[in-house]
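Residue numbers (UniProt numbering): 1 to 92.
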């Protein structure tokens, strides 16, 4: 029974790929990116470092500096996160 279900799933995937290859490619690209994102411990560490820098800047009396650091970090993250939407060729 499992083999029949596997064959049916493969047939559906082939049909979808034939009908709309651009959708399938977008889905695969995002799926692989999501799989890679789960293991990004560095992103969490970078966020903690940015937060610590912002706290230090506020404590030493530079809230504008803290806002600048946070804004820059947010802009970098947003650009990285939505690079596929900005330029679909960026991640082939």
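For each residue, glycine too, the CB sits at the ideal point set by N, CA and C.
- Message: For the stretch 52-59 against the stretch 68-83, do three or more pairs of beta-carbon atoms, one drawn from each stretch, fall closer than 8 Å, so that the two count as touching?
- Response: yes
- Reference residue 76, options 30, 50, 5, closest by Cα: 50
- Task: Compute the distance between the beta-carbons of residue 8 and residue 46, then report whether it is under 9 Å.
- Result: no
- Query: Run through DSSP, which three-state label would residue 42 get?
  - Reply: helix
- Query: Beta-carbon separation of residue 23 and residue 16 under 9 Å?
  - Reply: yes
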